[in-house]
Every structure is written in C-alpha cells, then in structure tokens.
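Let me begin by presenting the structure, written as structure tokens, before commenting on it.
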C-alpha cells in the first residue's frame, strides 16, 4: 500500500535578464545595474502627493500603536523605549482604527507604563470606543505618581456619560479644584471616537473627533518625574476599569493646535520616522537578492540601518551598542543593498533610524520590520494520480497526493478512506503521478 508521496521541488527564478533590462533602461543612474530603486521602477506608477504635516516627531514622547498583535508588551513607537506591560490579559484585536488595538474587559484589564515625562505643556490623544453603555466611572488614561490614587493627568467617562479631563498640580487623590477638571458631554457609545486632551501654559482643552469641545483656564504646571502611566484604568487598584477598545495612544510634550490634532486624528504625524518598508513588513517569499527600501522621514539627513536574524538584537541595538546588527550608519540614501545573498528560508529583521541634520542630530528610532526569504523548494500542487486498481470506492489513487489524512506535523492517519489501497489482485501493483510540467525534484516523501 502506497500512501501520499509529497513532492518538493526547487523553483528557479531568472534574474539576469531582468537586471540586463534595468541596465539598458536606467541610463541616468550612475550605477544602474545595482540601483535598488531602479530594480523596482519597472511597471510602477508613482503618485507624488504634497500634504501639510505637523512637526510632531521631536515632540512625541510616548506612542503606543497597539499593533503588536500578541504577547504582554505594548511597544512604544516614539523611540523613548517606554514600553507598556499588559496586566490581566487585555485582548489584542486587529479591528483598530489604524491597524490593531487593545480590547479592555471592564473588569481589571490595564496597561502599565513606568517612565518619566517632562510635560509643562502637553497633548494626550487616542482613539476609544465605549462598550456596555454608561454606568460606573471608567478611566481611559491616567498619569499618577508613586502615591496610590494621586493623579496628575486623568481622563475618564463619568456615571453621567460626560468626559472628564483632570489636570492637577500637585498630584492629588481628591476630586480636585473646580479649575482642575474640565467636563464635556460624552460622544455616543458603541462607536469609535478620537479624543485629545491639551494643556497650554494657561488653559486646558478637550477635542472630540477633531473638534474643540471645551476649554477653561488652568495655569498650573508640575514635574512628572517618577510618574507611572496607566491605560484602561485609574491605577493598579482596579477601581475604574475601561470597557471597550483603545487605539493609537500618543503623548506630546507640546500643546498641539486644532489643525495639528486633526492631522493626528487622520494618522498624519510620522514625518520624522522611516515608513513604508519594501519588502513589506512580514512579507514572505522574498527574493534572495532583495534590496531594502523605505520612505524617509521628512527631516532625515542620514539613515542608520540595522539588519539581522534576532528580533531582540535588531530592536535593542544602538550606535553605542550595535550588537552586530548595525550594518550601515549615516547612509545618505533611503535604500540599502546587502552584500551577497540572503539564506533560503531565512527570516530577517530590520530597522531604520532616521537621523536629523546638525545641530540637533536627533535620532528617530524606527519600528522593527521582518520578511522571510524564498524557500529552497516547494510542494508540487495539481498532481494527478492513477493506479492499476483500488480496494474500494473510497480508497482512490488521488487520495495519495491531495493531502488526505495528513496533520500539521506531517503524520498520516490510518483511516482507509484517507489513503490509496490497491485491490487484492495478484502483484505487482502500480501508481502513477502526472504533473502539469517538468520539475526538478528535491524530495519525495512516502508514507507506507
């Protein structure tokens, strides 16, 4: 009895002719046949769009996109390394406003972030959806000091459905003075809304869905050193847990204008950072000779490229501590063509930090991207099987090559209807496989 041969073959890719065509087409490039951008300029329509964006990059001191998708860490994309720790299992969701989000259960979920923020003026912005209707107090975000219950910046939905923006100096555990709390009618429950809390030198303001909803005088300032940030609850006492998803939480150390808030709401505000990686993040089946390309940050004068096979090394490496993955420093173009070829089937991780021109020379730490190189061989599909005989109408020859009976560990079942069984007639018996074209054979797996 012959059971399911699996054929894996090498699929060659001809690149010489492509490079030759690039060499002929790109007459303006000084090194055309190696030009990473030119290799990807064939049959591509480039649309140049000029938009007004805001100078948020240098002022962005905390940014939790909640696009992580798994694990217990919410990465800080501001470059400050103030990552959040998920407590009591808030749920990752792909259904955010921009990418993923975090779903809080209204019982005890929260994200805890320990850091230091100098915020004499500030903007806190995020997307939220209130599930379960209005009822008890529910805290969206809170900056508090080491004294339990003493908050400085806090936003919640009250029992009456109003949005409360609290700014206290010094920190306090009481309700606060009248000028320390700004109330505004809350938006509809069950739908996404964008909220921005702004503190200038003299006033505090609330913006809902890109529209200024309320303002009042408040000239208090305070030192945020040693402050912890909680998203989804008041603090670690689980007093006012949020019920619903939260997305794209940002803290700026400046008071954004209305126009700037509207652009943050529209997810325009990454102008200091590298974006749009090619290959795309988590891309599979990438060619071995692929160059790395990205969209440069608006202020970037140079680029630091990190590349390796360890996601932790690529995430944590710096100029001072390169960890063997800083492959190019102060690169003056937004592409990098690694020497040699990537290994077949290899997963690679890379990051691009954008470096401003002097005198600031600010480094905007990029996200970690990944891609997987094309495999050495692949399973053939569309195979047709015929045999001299079958035992019954269920144990057909085609069952030996259509995946029947195989599990994810490549183990086969012993069920007769999931394999080919020949008739009991005298030997020999045979089975024959027909393919759609000629292949170079790498492996043939047989279960018998």
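Residue numbers (the working numbering): 58 to 505. Cβ atoms here follow ideal geometry from the backbone N, Cα and C, with glycine treated the same way. Nothing here was measured: the structure is a model prediction, and the numbers come from that model.
Query, Result
"Cβ contact (3+ pairs, closer than 8 Å) linking the region 115-134 and the region 306-315", "yes"
"Residue 387, buried or exposed, once every other Cβ within 10 Å from all chains shown has been counted against 16", "exposed"
"Any beta strand (DSSP E) of 3 or more consecutive residues that is wholly inside the region 385-457", "404-413, 426-430 and 441-444"
"Opening and closing residue of the alpha helix (DSSP H) in which residue 485 lies", "It is not in any alpha helix (DSSP H) - residue 485 carries neither H nor E in the DSSP assignment."
"Identity of the residues DSSP links to residue 148 by a beta bridge", "160"
"Terminal residues of the beta strand (DSSP E) in which residue 318 lies", "First-last for residue 318: 315-322, but that is the alpha helix (DSSP H), not the beta strand (DSSP E)."
"Straight-line Cα distance separating residue 444 from residue 487", "6 Å"
"Runs of alpha helix (DSSP H) lying entirely within the region 340-384, each at least 4 residues, in chain order", "368-373"
"Cβ neighbours of residue 338 in the same chain (closer than 6 Å, five flanking residues each side left out)", "426"
"C-alpha distance - residue 399 paired with residue 390, whole-angstrom precision", "21 Å"
"Identified DSSP bridge partners for residue 304", "184"
"Status (buried if at least 16 other CB within 10 Å, exposed otherwise) for residue 483", "exposed"
"Element boundaries [beta strand (DSSP E), containing residue 499]", "498-504"
"Residues bridged to residue 170 [DSSP beta-bridge criterion]", "286"
"N- and C-terminal bounds of the beta strand (DSSP E) containing residue 176", "Looking at the DSSP string, residue 176 is not in any beta strand (DSSP E), and its letter there is neither H nor E."
"contact_flag[the region 186-205, the region 267-277] where n(CB pairs < 8 Å) is 3 or more", "no"
"Same chain only: Cβ atoms within 7 Å of residue 485, ignoring 5 sequence neighbours per side", "none"
"Continuous beta strand (DSSP E) stretch holding residue 119: start and end", "117-121"
"Buried versus exposed call for residue 508 [16 or more other C-beta atoms within 10 Å across all chains shown]", "Nothing can be reported for residue 508: it is not among the residues displayed for the chain, which extend from 58 to 505."
"DSSP bridge partner residues for residue 265 (one or two, in chain order)", "252 and 268"
"Cβ distance (whole Å) where residue 165 is taken to contact residue 284 below 8 Å", "That belief does not hold up - the Cβ atoms of residue 165 and residue 284 are roughly 22 Å apart, past 8 Å."
"Distance CB(residue 210)-CB(residue 241) smaller than 8 Å", "no"
"Reduced DSSP secondary structure (H/G/I, E/B, other) of residue 238", "strand"
"Backbone secondary structure at residue 274 - three-state DSSP", "strand"
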